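Protein chains in written order, with this note's numbering: chain A, 892 to 1441; chain B, 3 to 217.
Following: one structure in structure tokens, then a few remarks.
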């Protein structure tokens, strides 16, 4: 018989002896299936889009200072387009991809996996996201987007946003599958680090929410292109998207914030997290309550004039969810406080980000609970805008906290500590200054921007002052975000000896490998027996040393 | 105790902390568990089902509005015969059996019958698509003329897209089994494709009832 294949041992030797040729430059970037590279691409692009969301937010803020003349600088139509660009880019092009980018890079490390599940699908998702995000901005540039005047531009917006949603869903499948199926031996789901767990919860909810929005957008696209107009055309488009910015759906985008905080607090308290399983349950409960695809707006084609197209508002389930979701946040804050109190706190920038994010999220869920009080009549007012800002900026702040905390694993460098502390402070103060006056203005009957209805405002002077303060708060947030971007850039291009592999004395597996990690992350791992394996190993070694010296 | 740095072919790993030596000196990890494709498919299929079912819910809501305000739903000149929709349902129900047969055959290292089962499943899928296309042609609904047409074409069109995706998935996994990549011990790919197919059929059951039966 003719042997046509080399024996296995010969092949193996050949494989070892032959140095693989790695692509460089653009080929390496485009062809990369390395989750850390893909994650960093997601992070970098989301920070780039953050500039768009920030600048448009500042424009909208100052436009509202004079409530009688909402078209000071921008016409009413342009203002509506700029506002929707701000909100849509803020959520779908900044917050979600930032959190997914961190997850793609960090989750495999936390779980002792060599890579993410479906790395090529994750890479493809990034490129689709990049092109889709670029086309979303392009659609606005050609007078498209919600409230756009150019039909083709509006259709382009819808199609490109669907592409962005599909990309985010694909990345979510990759992250969720990694958590479910690629954990290291012994690392049961109950022992999973809380950021990884929170990403599993978040991506599951996103996978049940984003396709619902994508389905609506496909419907809107066909309606726009073929002209039946029953979904309200370009002017009605934003109403079909609005529900993702309202509670309960908006909370789903802050689920990873809980995981980031839960991983940061014990490290800087130098104490293992109290009641890890309870924290997992609370994060899961928060996620379950944040599922909000049932609370979409209706379509009024055949509805009677007085029909309520949001029948879920002030209905039993909505009120229950609005109040119930406060409980897991409060309980988690209690767990973190008791962990902090039991340990010896080491104040550093990641902890400041965690505190800021936790506080903002508490403000957001408390505002949401108040919204459900019918007598206050807050639905549709800027109170809800303030709540959305608080929740989404809590997620953004946690995202920055994650970047600072895991910068050694992402970039092989630490971010500047002084800058990071300043960023955390600016994001916290800026968000409060942005949101609280908006909330008060909502109490004074200021309707959300796109209502263009100022007739109910009695105290116009007060509301205008509040809007000015809010606008200034927006500027502070943007300055904080810019500094954050610069700090990340500094870490990205920074040279020097590096931070070491475990600069924070971390508790979870990502700190057991080098900074930045090698390809494959870990050459080997032992059986994992706890949720804080590095913390346990350190304390066991300390105990052994003490016993030996005794 | 000296600092331990484990050196690999791709770089150095280790924290320099002797207490963490255990993480660099351990034996090689076990290979990844063979559930990745199944879990990923379950998530993707669940997401697709969520999107489609939400559209069906929207359809039901708009239909209810129309019935309440106008007393009717489909325009008078619309023809919605039951037979093509029912034949589509029957085709897909039978394909459930053949998809399960493919998985069973592959688990038992019977690649010939696995391929036969996949091929028959694909035929059922093609039959379903022709049923749906025939229904579109018969219905005389013109897309863009009425909300009903937009809703029906979008929902049934997206579902056909899901079925086509399921057929391609089965086809790819069938080719992989033909090439010997999927065997009795590694039949996960066909199991995953079959899972996607089951979800597509379940979604059709919802579409079939909401659109073709209730009209």
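C-beta: ideal position from N, C-alpha, C; glycine also.
Please read these numbers as outputs of a predicted model, since none were measured by experiment.
Would you say residue 1272 of chain A faces chain B, with C-beta separation under 8 angstroms as the test? Closer than 8 angstroms: no.
Who are the Cβ neighbours of residue 950 of chain A in its own chain at under 6 angstroms, not counting the five residues just before and after it? Closer than 6 angstroms at Cβ, skipping near neighbours: 973.
Mind checking whether residue 1406 of chain A and residue 1303 of chain A have CB atoms under 8 angstroms apart? Yes, Cβ-Cβ distance for residue 1406 of chain A and residue 1303 of chain A is below 8 angstroms.
Indicate whether the contact test is met: 3 or more Cβ pairs, each with one atom in the segment 1261-1276 of chain A and one in the segment 1148-1162 of chain A, closer than 8 angstroms. No: the two stretches stay apart, fewer than three of their Cβ pairs being nearer than 8 angstroms.
With 8 angstroms set as the bound, which would you pick, yes or no: does the beta-carbon of residue 929 of chain A sit closer than that to a beta-carbon of chain B? Closer than 8 angstroms: no.
Residue closest to residue 196 of chain B, alpha-carbon to alpha-carbon, out of B:119, B:81, B:80 and B:84: Each of B:119, B:81, B:80 and B:84 was checked against the Cα of residue 196 of chain B, and the nearest Cα belongs to B:119.
Please confirm whether residue 74 of chain B has its beta-carbon closer than 8 angstroms to some beta-carbon of chain A. It does not; no Cβ of chain A falls within 8 angstroms.
Which of helix, strand or coil does DSSP assign to residue 148 of chain B? It is a strand residue.
Cβ atoms of residue 1170 of chain A and residue 1085 of chain A: under 8 angstroms apart, would you say? Yes. Within cutoff.
Euclidean distance between Cα positions of residue 54 of chain B and residue 1181 of chain A: Cα to Cα, residue 54 of chain B sits roughly 20 angstroms from residue 1181 of chain A.
Closer than 8 angstroms is the cut-off here; do at least three beta carbon pairs connect the segment 1300-1320 of chain A with the segment 1243-1257 of chain A? Note that the segment 1300-1320 of chain A touches the segment 1243-1257 of chain A; at least 3 beta-carbon pairs, one per stretch, sit closer than 8 angstroms.
Quick check on DSSP: helix, strand or coil for residue 1063 of chain A? Three-state DSSP puts residue 1063 of chain A in a helix.
Against residue 37 of chain B, what residues of chain A qualify as contacts under a CB-to-CB distance less than 7 angstroms, listed in chain order? Within chain A, the residues near residue 37 of chain B are 1072.
Between A:919, A:1112 and A:926, which has its C-alpha nearest residue 1410 of chain A's C-alpha? Measuring from the Cα of residue 1410 of chain A, the nearest candidate turns out to be A:926.
Compute the Euclidean distance between the alpha carbons of residue 1417 of chain A and residue 1070 of chain A, then round it to the nearest angstrom. Residue 1417 of chain A and residue 1070 of chain A: Cα-Cα distance of roughly 18 angstroms.
State the start and end residues of the unbroken alpha helix (DSSP H) segment that holds residue 1227 of chain A. Counting along the chain, the alpha helix (DSSP H) containing residue 1227 of chain A begins and ends at 1217-1233.
I'd like to know if residue 899 of chain A contacts chain B, where contact means its C-beta is closer than 8 angstroms to some C-beta of that chain. Annotation note: pLDDT 41 at residue 899 of chain A (below 50); position unreliable, coordinate value reported separately. No, residue 899 of chain A does not count as interfacial toward chain B.
Looking only at DSSP bridge pairs, what is residue 1338 of chain A linked to? In DSSP, residue 1338 of chain A forms a bridge with A:1272.
Is there a Cβ of chain B sitting closer than 8 angstroms to that of residue 1158 of chain A, yes or no? Chain B contact via Cβ: absent.
Per the contact definition of three or more C-beta pairs closer than 8 angstroms, is the segment 1210-1228 of chain A in contact with the segment 1271-1287 of chain A? Contact between the segment 1271-1287 of chain A and the segment 1210-1228 of chain A is absent, because fewer than three Cβ pairs lie under 8 angstroms.
Closest by C-alpha distance to residue 52 of chain B, when choosing among B:202, B:216 and B:186: The residue from B:202, B:216 and B:186 with its alpha-carbon nearest to that of residue 52 of chain B is B:202.
Kindly indicate if chain B contains any beta-carbon less than 8 angstroms away from that of residue 1009 of chain A. By this cut-off, residue 1009 of chain A is an interface position.
How many whole angstroms separate the CB atoms of residue 1235 of chain A and residue 1161 of chain A, which I take to be in contact at a CB cut-off of 8 angstroms? The Cβ separation is near 5 angstroms, so the contact holds.
Within 8 angstroms, strictly: CB atoms of residue 105 of chain B and residue 205 of chain B: Taking C-beta atoms as the reference points, residue 105 of chain B and residue 205 of chain B fail to come closer than 8 angstroms.
Between the segment 1111-1124 of chain A and chain B, which residues of the former have a C-beta closer than 7 angstroms to a C-beta of the latter? Within the segment 1111-1124 of chain A, the qualifying residues are 1113, 1114, 1117, 1118, 1119 and 1121.
What does residue 47 of chain B reach in chain A if we use C-beta pairs closer than 7 angstroms? Those within 7 angstroms of residue 47 of chain B in chain A number zero; the least Cβ separation is about 10 angstroms.
Would residue 4 of chain B count as contacting chain A if we go by Cβ distances under 8 angstroms? Any reading at residue 4 of chain B must be qualified, since the residue scores a pLDDT of 34, below 50, and its modelled position is unreliable; the value itself is stated next. Not closer than 8 angstroms to any Cβ of chain A, the Cβ of residue 4 of chain B fails to qualify, so no.
Going by the beta-carbon positions, is the gap between residue 171 of chain B and residue 198 of chain B smaller than 8 angstroms? Cβ distance < 8 angstroms, so residue 171 of chain B and residue 198 of chain B count as in contact.
Residue range of the alpha helix (DSSP H) that residue 93 of chain B falls in? That run of the alpha helix (DSSP H) goes 84-109.
Residue 1082 of chain A in three-state terms, based on DSSP: Look at residue 1082 of chain A here: in three-state DSSP terms it is helix.
Counting only Cβ-Cβ distances shorter than 8 angstroms, please list the residues of the segment 139-152 of chain B near chain A, keeping chain order. Of all residues in the segment 139-152 of chain B, the ones placed with a Cβ closer than 8 angstroms to any Cβ belonging to chain A are 145, 146, 147, 148, 149, 151 and 152, in chain order.
Chain A beta carbons: is any one of them nearer than 8 angstroms to that of residue 54 of chain B? Interface flag for residue 54 of chain B against chain A is set, since a Cβ pair is found closer than 8 angstroms.
Where residue 1009 of chain A falls: helix, strand or coil (DSSP): Residue 1009 of chain A: coil per DSSP, three-state reduction.
CB-CB under 7 angstroms to residue 896 of chain A, same chain, minus the five flanking residues each way: which ones, in chain order? Since pLDDT at residue 896 of chain A reaches only 40, below the 50 mark, its modelled position is unreliable, and the value read off the structure follows with that caveat. Excluding residues within five positions, none has a Cβ falling inside 7 angstroms.
Could you say if the segment 1125-1139 of chain A and the segment 1104-1115 of chain A meet the contact criterion of at least three C-beta pairs nearer than 8 angstroms? Proximity of the segment 1125-1139 of chain A to the segment 1104-1115 of chain A meets the contact definition, three or more beta-carbon pairs being nearer than 8 angstroms.
So which residues of chain A does residue 194 of chain B contact, with C-beta pairs closer than 8 angstroms? Per Cβ cutoff of 8 angstroms: no residues; residue 194 of chain B is ~11 angstroms from chain A at best.
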